[in-house]
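For the numbering used here, count along the sequence shown from 1 and bump the result up by 31.
Note that CB positions come from ideal geometry on N, CA and C, so glycine has one too.
Shown next, in structure tokens, is the structure this report addresses.
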Amino acid sequence: MKILLTTLLCLALCLPVFADQQTTVLRQEVSIGKAQAVLPYIDGSNSVDLEKKANGLILAAAQELSRQVGGGSIDYEVTLNRPSLISVLLTAKNGGVSAYRGLNLDLTTGEEFGVTDFFVNNDAVKNALHGYEDVLFSENGLLCSGGKYASYDALTVPYSQVLPSIRIGEAGRIMQVARLTAASSKKTLVMDKGGLIALKLDANPSTGYGWAMSCSSPNVQKVGSSFTIPRAEEERVGVPGTEIVFLAVQKPGTYNIKMEYKRPWEKLSLDSFSFTVVVQGA
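See below:
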């Protein structure tokens, strides 16, 4: 009994540690028609069935490429790896003929995902993509293909260019998010270009107060916010809770950001603090 309890306790303690880890990708060598292929194989996800669907999509794409080039070899590159999302680029070559296929796979559905699953389909996003529809997600941005089976080097759109259009509810799945509180006051955050800042702050919107951001540079933008209250108090009106403010920084540089807890129609704030953000990257 002691051994069993110890094992269960260990599992309970270890699970949260695994929650933010990348997707596990194994290399497998397989023969596909006349092609010799090295393909990614997803393992260890939360759902065996959805994992099987995702691996099936990879195999089907490799078979399609094999037929396109008539054999040869197939290899892959992982362009994006998140706990429940992975993007891979398959490349088939046979002599002087090459064909490419990018897959963005969501391990919570077992299906492919696209740009509009994570970014609002507005004019800003459409203009950034210049009409390209076949888009592969990567660590540094959106890679666009010039056509079916073409390589994904026609256009690269940095995430910083489309961050203001991100769907806040999905932001944490695709972007690197720096989580801050009011304890960041008078301190400096160093982060890479293309990430988000999520400020978790005490608030009570029922009083008319909310957190406003000010910065001298237009490169820092508030892209959304959400409000939550303690679960035990969900049915009560006017209960204080937590406001999460999302900020996007468009370009590398040093920025001084001020947060003020105030009513929109009043000049004076009830509370305020400032912090500095240093964004790295070319």
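{"Check": "If we ignore side chains and look at the alpha-carbon of each, how far apart do Gln252 and Lys65 end up?", "Outcome": "52 Å"}
{"Check": "Identify, in the order they occur along the chain, each residue of the same chain with its Cβ nearer than 6 Å to the Cβ of Leu57, setting aside the five sequence neighbours on each side.", "Outcome": "Tyr72 and Asp74"}
{"Check": "Should the stretch 282 to 293 be regarded as contacting the stretch 230 to 248, the criterion being three or more beta carbon pairs within less than 8 Å?", "Outcome": "yes"}
{"Check": "Could you check the C-alpha separation between Leu278 and Leu211 for me, to the nearest Å?", "Outcome": "11 Å"}
{"Check": "Out of Ile275, Asn287 and Val280, point me to the one whose CA is closest to Gly312's CA.", "Outcome": "Val280"}
{"Check": "Spatial neighbours of Val128 within its chain, please: CB distance less than 6 Å, with the 5 preceding and 5 following residues excluded, ordered by chain position.", "Outcome": "Val100"}
{"Check": "Am I right that Leu70 and Tyr107 are in contact with their C-beta atoms under 8 Å? What's the rounded C-beta distance?", "Outcome": "6 Å"}
{"Check": "Consult DSSP for Ile89 and reduce its assignment to one of helix, strand or coil.", "Outcome": "helix"}
{"Check": "For Lys157, report the span of its alpha helix (DSSP H) as first-last.", "Outcome": "Asp154 to Leu160"}
{"Check": "Using the three-state DSSP reduction, which class does Val151 fall into: helix, strand or coil?", "Outcome": "coil"}
{"Check": "Got a sec, what are the start and stop residues for the beta strand (DSSP E) Ile199 sits in?", "Outcome": "Where Ile199 is concerned, there is no enclosing beta strand (DSSP E), although the alpha helix (DSSP H) it sits in stretches over Ile199 to Ile205."}
{"Check": "Taking the beta carbon of Leu42 as the centre, do at least 16 other beta carbons fall within 10 Å, making it buried, or is it exposed?", "Outcome": "Residue placement at Leu42 is poorly supported in this model, since its pLDDT is 41, which falls under 50; the coordinates are not used for a value here."}
{"Check": "Pull up the DSSP beta-bridge partners for Arg210, would you.", "Outcome": "Ala229"}
{"Check": "Measuring CA to CA, which of Val254, Ala243 and Phe306 is closest to Lys217?", "Outcome": "Phe306"}
{"Check": "Following the continuous alpha helix (DSSP H) through Gln192, name the residue where it begins and the one where it ends.", "Outcome": "Tyr190 to Val193"}
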